[in-house]
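Visitor: Which chain is which? The protein sequence lines are B and H, in order.
Per the numbering used here, the first sequence runs over residues 85 to 283.
Per the numbering used here, the second sequence runs over residues 154 to 689.
Backbone N, C-alpha and C define an ideal beta-carbon position, used for all residues, glycine too.
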Amino acid sequence: MTDAHRDYEGAKLGMWLFLFTEILLFGGLFVLFAVSMARHHDAFHMASQQLDPAMGAANTVVLITSSWLVAMAVAALKLGQDARARALTLGTIALAGVFLVIKYFEWSAKFRHGLYPGSAELAAHPPGEAAYFALYYAMTGLHGIHVLVGMGVLGFAWWLMRTGRCTQGDFVFLENAALYWHLVDLIWIYLFPLFYLVG
Amino acid sequence: MNDASAAPGSFWDARGLASWLFTIDHKRIGLLYLWCVLGFFIVGVSLGLLVRLELIAPGRTIMGPQTYNAMFTLHGVIMIFLVVIPSIPASFGNIILPLHLGAEDVAFPRLNMFSWWLYAIGAVTALAALFTGDGPPDTGWTFYVPFSAVTTTNVSVAVAAVFVLGFSSILTGLNFIVTIHRLRAPGLTWTHLSLFAWALYATAWIQLLATPILGITGLLIIAERVLDMGVFDPARGGDPILYQHLFWIYSHPAVYIMILPAMGVISDIIPVFARKAIFGYKTIAFSSLAIAFAGSLVWAHHMFVSGMSDTAVMVFSLLTFVVAIPSAVKVFNWVSTLYKGSIHMEPPLVFALGFIFLFTMGGITGLVLGAAGADMHVHDTYFVVGHFHYVIFGGTGMGLFAALHYWLPKVHGRMYNKRVATWSAIILVVGMNGLYFPMYLLGLAGMPRRYYDYLPQYTALHEASTVGSWVVVAGLALMFVNLWRGMRSGPRVGPNPWGAATLEWTLPSPPPTHNFPVEPVVERGPYDFRGVRADD
Numbered sequence: 085m086t087d088a089h090r091d092y093e094g095a096k097l098g099m100w101l102f103l104f105t106e107i108l109l110f111g112g113l114f115v116l117f118a119v120s121m122a123r124h125h126d127a128f129h130m131a132s133q134q135l136d137p138a139m140g141a142a143n144t145v146v147l148i149t150s151s152w153l154v155a156m157a158v159a160a161l162k163l164g165q166d167a168r169a170r171a172l173t174l175g176t177i178a179l180a181g182v183f184l185v186i187k188y189f190e191w192s193a194k195f196r197h198g199l200y201p202g203s204a205e206l207a208a209h210p211p212g213e214a215a216y217f218a219l220y221y222a223m224t225g226l227h228g229i230h231v232l233v234g235m236g237v238l239g240f241a242w243w244l245m246r247t248g249r250c251t252q253g254d255f256v257f258l259e260n261a262a263l264y265w266h267l268v269d270l271i272w273i274y275l276f277p278l279f280y281l282v283g
Numbered sequence: 154m155n156d157a158s159a160a161p162g163s164f165w166d167a168r169g170l171a172s173w174l175f176t177i178d179h180k181r182i183g184l185l186y187l188w189c190v191l192g193f194f195i196v197g198v199s200l201g202l203l204v205r206l207e208l209i210a211p212g213r214t215i216m217g218p219q220t221y222n223a224m225f226t227l228h229g230v231i232m233i234f235l236v237v238i239p240s241i242p243a244s245f246g247n248i249i250l251p252l253h254l255g256a257e258d259v260a261f262p263r264l265n266m267f268s269w270w271l272y273a274i275g276a277v278t279a280l281a282a283l284f285t286g287d288g289p290p291d292t293g294w295t296f297y298v299p300f301s302a303v304t305t306t307n308v309s310v311a312v313a314a315v316f317v318l319g320f321s322s323i324l325t326g327l328n329f330i331v332t333i334h335r336l337r338a339p340g341l342t343w344t345h346l347s348l349f350a351w352a353l354y355a356t357a358w359i360q361l362l363a364t365p366i367l368g369i370t371g372l373l374i375i376a377e378r379v380l381d382m383g384v385f386d387p388a389r390g391g392d393p394i395l396y397q398h399l400f401w402i403y404s405h406p407a408v409y410i411m412i413l414p415a416m417g418v419i420s421d422i423i424p425v426f427a428r429k430a431i432f433g434y435k436t437i438a439f440s441s442l443a444i445a446f447a448g449s450l451v452w453a454h455h456m457f458v459s460g461m462s463d464t465a466v467m468v469f470s471l472l473t474f475v476v477a478i479p480s481a482v483k484v485f486n487w488v489s490t491l492y493k494g495s496i497h498m499e500p501p502l503v504f505a506l507g508f509i510f511l512f513t514m515g516g517i518t519g520l521v522l523g524a525a526g527a528d529m530h531v532h533d534t535y536f537v538v539g540h541f542h543y544v545i546f547g548g549t550g551m552g553l554f555a556a557l558h559y560w561l562p563k564v565h566g567r568m569y570n571k572r573v574a575t576w577s578a579i580i581l582v583v584g585m586n587g588l589y590f591p592m593y594l595l596g597l598a599g600m601p602r603r604y605y606d607y608l609p610q611y612t613a614l615h616e617a618s619t620v621g622s623w624v625v626v627a628g629l630a631l632m633f634v635n636l637w638r639g640m641r642s643g644p645r646v647g648p649n650p651w652g653a654a655t656l657e658w659t660l661p662s663p664p665p666t667h668n669f670p671v672e673p674v675v676e677r678g679p680y681d682f683r684g685v686r687a688d689d
């Protein structure tokens with residue numbers, strides 16, 4: 085029998101299965117996006133012109149960098165460099181914060197232009213544009229919630245490292261937190277071209 | 154219950170509310186689920202009984218139309234999400250799975266406790282939806298748009314409850330998959346796994362893969378209502394049919410979450426009481442996986458009249474027939490196991506036989522509904538209501554009752570009155586046929602489902618059905634009283650009252666907290682009865 089309390093393989097398997105459910109959760113929205121885009125191709129093209137690719141690109145760079153930091157944090161912890169691992173984890177959390185700040189400016193600019201679900205401005209556009217912005221807010225919003233959750237999970241990993249419960253010998257929590265963070269990054273890597281570039 | 158702990162070192166020993174609410178012992182968590190499920194079952198049955206009573210005569214009988222709409226919605230939401238989906242996997246799965254594997258606990262005991270807490274929070278949220286806001290939801294348990302997006306009743310809270318319950322279901326499935334992969338005792342190969350464990354394994358994959366889609370669909374309804382999104386509103390580029398696709402992509406596989414564990418229970422019970430190795434072990438194990446796989450491809454058979462292309466209708470009709478094959482394989486294997494067996498007609502077997510009969514009644518009418526032409530005629534009639542109640546109540550319900558009668562002596566160390574148990578099973582089978590068979594006839598005659606009122610020519614069949622509901626309640630009351638008395642004060646039993654060969658029967662009844670004092674080494678199959686003796 086494997087020791088259930090220190091079963092590294094089991095913990096990793098559980099995390100991968102959980103990430104699978106996250107992909108399916110977003111999968112429903114990707115299906116909606118695909119169907120809506122096929123139906124309203126021109127409107128999606130017009131609506132996507134109104135997003136700012138520079139901000140999206142900046143956020144992509146921020147998230148990929150943060151993913152790199154957390155991967156280095158795992159490597160550092162495995163080498164026993166606890167302080168370095170903690171600092172790199174904090175760096176990841178900070179970049180996640182930067183992502184949300186950029187997102188905040190992006191969203192509020194759209195709101196000022198009246199581009200939000202149920203607005204009078206959107207009602208005047210073709211119906212496909214309303215569908216585009218509904219999906220834009222739903223998908224980037226859900227992704228934003230995942231960024232917040234990721235910050236919480238990474239913060240918890242940092243606290244576990246600080247109190248000596250996530251160490252060189254038992255690093256699976258940080259590794260799983262990093263896997264989660266890579267997924268959050270990965271989903272954004274799909275969202276970015278879909279919304280900002282394809283149109 | 155307390156005196157059950159008289160056996161030294163049993164898992165009942167720890168006392169106090171906190172020792173239950175914060176337990177990480179899989180047996181206790183399973184029992185917490187079981188009590189909640191049975192409690193909500195009684196609530197759901199009461200609501201169903203009132204709906205049936207309202208329908209005994211045309212026109213108003215005991216409630217108005219809005220109350221009626223709320224009542225059948227609550228009956229559906231409570232029964233589907235709070236009772237049937239968690240019934241066997243979360244309760245008996247938790248209690249029995251680690252015992253079947255020779256393990257100390259599930260892979261993630263704390264996550265298991267968290268799943269139960271999510272279930273409790275979801276249940277409380279669902280109840281809150283009834284008593285707060287502008288009235289309980291009146292959409293039916295499917296929450297179809299556009300009505301669910303515009304009705305002023307408390308749909309958002311109910312959908313949030315479903316989301317939380319879905320999360321609980323996902324985590325239980327995840328836990329079981331890892332447990333089955335990682336914690337099998339030495340020698341317990343995949344082909345020595347009990348068929349109940351195989352069924353739970355297939356179920357767990359559906360829970361894991363299908364439930365997230367329901368989660369996102371629920372979130373979209375809330376977004377539609379609260380943020381005015383318009384993803385399902387054609388005026389704003391959305392599409393209400395897409396809602397139905399997303400909903401059924403989960404909810405059709407979900408019916409296999411409901412039935413597969415019950416099939417697993419039956420597959421475990423029948424060989425024990427036929428004293429014979431199960432016929433076609435690998436076929437049954439494989440058919441569970443085949444049902445899980447094929448069952449994920451048939452969702453659009455709920456939408457034959459919703460406006461799909463004829464090609465799509467034919468493809469989904471064919472795929473629906475394909476699911477019937479592994480289901481029928483199981484039925485044939487059970488019957489073949491009984492053939493020339495040395496049959497001991499004990500209560501669990503009586504319930505299992507009731508399961509086979511009622512499930513077959515429901516399964517065959519499923520083919521009628523799966524055939525697109527016939528479905529055009531009976532779509533959204535009482536035929537459908539009869540079909541799924543035969544499968545879900547006659548199937549999953551009887552499976553749950555069989556499990557209760559099979560494992561109660563193990564969990565409580567006491568036996569109920571077997572004669573009364575047998576009679577309650579017979580009354581239930583008679584009652585369910587009285588309750589649901591008239592619905593087939595009503596549906597064929599054109600009576601639509603969900604309607605508050607009906608034309609006079611349907612009166613006789615509605616009366617018959619309502620009388621049947623009273624017989625069912627009599628059978629349930631007899632069964633629960635008997636189980637309760639057996640659990641409190643029945644005669645004590647030894648480790649193996651049925652003479653079964655799976656690992657849980659090698660432990661004392663009730664089992665100790667840490668299950669196996671010495672890790673078992675498995676050298677025989679779960680249905681190899683050579684040398685196994687019942688303690689009587």
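Taking beta-carbon pairs under 8 Å, can you tell me which members of the segment 377-392 of chain H lie near chain B?
Guide: Within the segment 377-392 of chain H, the qualifying residues are Leu380, Asp381, Met382, Gly383, Val384, Pro387, Ala388, Arg389, Gly390, Gly391 and Asp392.
Visitor: If you draw a straight line from the C-alpha of Trp658 of chain H to the C-alpha of Pro648 of chain H, how long is it?
Guide: Approximately 6 Å between the Cα atoms of the pair.
Visitor: Within the continuous alpha helix (DSSP H) that includes Glu657 of chain H, where are the two ends?
Guide: Premise fails: Glu657 of chain H is in no alpha helix (DSSP H) and is neither H nor E.
Visitor: Given Ala281 of chain H, which residues of its chain have a CB within under 7 Å of its CB, disregarding the five upstream and five downstream residues?
Guide: Result list for Ala281 of chain H: Val310, in chain order.
Visitor: If we ignore side chains and look at the alpha-carbon of each, how far apart do Leu163 of chain B and Val256 of chain B end up?
Guide: C-alpha separation (whole angstroms): 14 Å.
Visitor: With C-beta atoms as the reference, is Leu97 of chain B less than 9 Å away from Val331 of chain H?
Guide: Against a cut-off of 9 Å, the Cβ pair of Val331 of chain H and Leu97 of chain B comes out as a contact.
Visitor: Could you have a look at Arg337 of chain H and say whether DSSP puts it in helix, strand or coil?
Guide: Here Arg337 of chain H sits in coil by DSSP.
Visitor: Taking the alpha carbon of Phe349 of chain H as the point to measure from, which residue in H:Ala314, H:Asn247, H:Met568 and H:Ser459 has its own alpha carbon closest?
Guide: For the residues H:Ala314, H:Asn247, H:Met568 and H:Ser459, the minimum Cα distance to Phe349 of chain H belongs to H:Asn247.
Visitor: DSSP on Arg428 of chain H, reduced to helix/strand/coil?
Guide: Three-state DSSP puts Arg428 of chain H in coil, outside helix and strand.
Visitor: On a CA-only basis, which of H:Ala167, H:Met585, H:Leu353 and H:Ala313 is nearest Asn328 of chain H? Give me that one, please.
Guide: Among H:Ala167, H:Met585, H:Leu353 and H:Ala313, the Cα nearest to that of Asn328 of chain H is on H:Leu353.
Visitor: Below 8 Å, how does it come out for the segment 364-379 of chain H and the segment 390-406 of chain H: are there three or more Cβ pairs, yes or no?
Guide: These segments touch.
Visitor: Nearest CA to the CA of Val282 of chain B: which residue from B:Phe110, B:Ser132, B:Leu103 and B:Ala127?
Guide: When each option's Cα is compared against that of Val282 of chain B, the closest is B:Ser132.
Visitor: With a threshold of 7 Å on Cβ separation, who are the neighbours of Ala160 of chain B within its own chain once the five nearest residues in sequence on each side are excluded?
Guide: Once the five neighbours on either side are set aside, the close Cβ partners of Ala160 of chain B are Arg168, Ala169 and Leu172.
Visitor: For chain H, check one thing: does any of its Cβ atoms lie closer than 9 Å to the Cβ of Ser120 of chain B?
Guide: Taking Cβ atoms only, chain H reaches closer than 9 Å to Ser120 of chain B, which makes this a yes.
Visitor: Should Lys429 of chain H go down as buried or exposed, given a rule of 16 or more other Cβ atoms within 10 Å for buried?
Guide: Answer is buried; the Cβ neighbour count reaches 16.
Visitor: Would you call Val674 of chain H buried or exposed, if buried means 16 or more other Cβ atoms sit within 10 Å of its Cβ?
Guide: By the 10 Å Cβ count, Val674 of chain H comes out exposed.
Visitor: Which residue comes first and which comes last in the alpha helix (DSSP H) that contains Asp528 of chain H?
Guide: First-last of the alpha helix (DSSP H) with Asp528 of chain H: Ala525 to Val531.
Visitor: Going by Cα to Cα distance, which pick from H:Ser172, H:Val384, H:Leu656 and H:Gly162 is closest to Phe117 of chain B?
Guide: The shortest C-alpha separation from Phe117 of chain B is found at H:Val384.
Visitor: Would you say Tyr543 of chain H touches the ligand FAD, meaning its beta carbon is less than 8 Å from a heavy atom?
Guide: Ligands in the displayed structure: none, and consequently the ligand FAD is not present.
Visitor: What residue does the alpha helix (DSSP H) around Lys194 of chain B start on, and which one ends it?
Guide: It spans Asp166 to Arg196 - the alpha helix (DSSP H) in which Lys194 of chain B sits, taken as one unbroken run.
Visitor: Can you list, in chain order, the residues of the segment 278-304 of chain H whose Cβ is nearer than 7 Å to any Cβ on chain B?
Guide: Within the segment 278-304 of chain H, no residue qualifies.
Visitor: I'd like to know whether the C-beta of Val331 of chain H is nearer than 9 Å to at least one C-beta of chain B.
Guide: Yes, Val331 of chain H counts as interfacial toward chain B.
Visitor: Could you compute how far the alpha carbon of Phe110 of chain B sits from the alpha carbon of Phe104 of chain B?
Guide: Distance between the alpha carbons of Phe110 of chain B and Phe104 of chain B: 10 Å.
Visitor: Can you pull the chain H neighbours of Glu93 of chain B, defined as C-beta to C-beta under 8 Å?
Guide: Near Glu93 of chain B (Cβ distances below 8 Å), the residues of chain H are Arg335.
Visitor: With three or more beta-carbon pairs closer than 8 Å as the criterion, would you say the segment 626-642 of chain H touches the segment 597-606 of chain H?
Guide: Touching, no.
Visitor: Taking 9 Å as the threshold (beta carbon to beta carbon), is Phe633 of chain H in contact with chain B?
Guide: Judged by the 9 Å Cβ criterion, Phe633 of chain H is not in contact with chain B.
Visitor: Determine the direct distance from the alpha carbon of Thr612 of chain H to that of Pro644 of chain H, and round the result to whole angstroms.
Guide: Distance between the alpha carbons of Pro644 of chain H and Thr612 of chain H is about 48 Å.
Visitor: At the level of alpha carbons, what is the spacing between Ser480 of chain H and Ser440 of chain H?
Guide: Near 7 Å, if we compare the C-alpha coordinates of Ser440 of chain H and Ser480 of chain H.
Visitor: Would you call Ser691 of chain H buried or exposed, if buried means 16 or more other Cβ atoms sit within 10 Å of its Cβ?
Guide: Outside the shown range of chain H (154 to 689) lies residue 691 of chain H, about which nothing can therefore be said.
Visitor: Can the beta-carbon of Gly202 of chain B be found less than 9 Å from the beta-carbon of Met382 of chain H?
Guide: Closer than 9 Å, so yes.
Visitor: Per DSSP, Ser163 of chain H is paired with what?
Guide: According to DSSP, which records beta bridges pairwise, Ser163 of chain H is partnered with H:Pro665.
Visitor: Identify which residue in B:Leu108, B:Val154, B:Gly239 and B:Phe276 has its Cα closest to the Cα of Tyr221 of chain B.
Guide: Nearest C-alpha to Tyr221 of chain B: B:Phe276.
Visitor: Quick check on Asp269 of chain B: buried or exposed, where buried means 16 or more other Cβ atoms within 10 Å of its Cβ?
Guide: The residue is buried, with at least 16 neighbouring Cβ atoms inside 10 Å.
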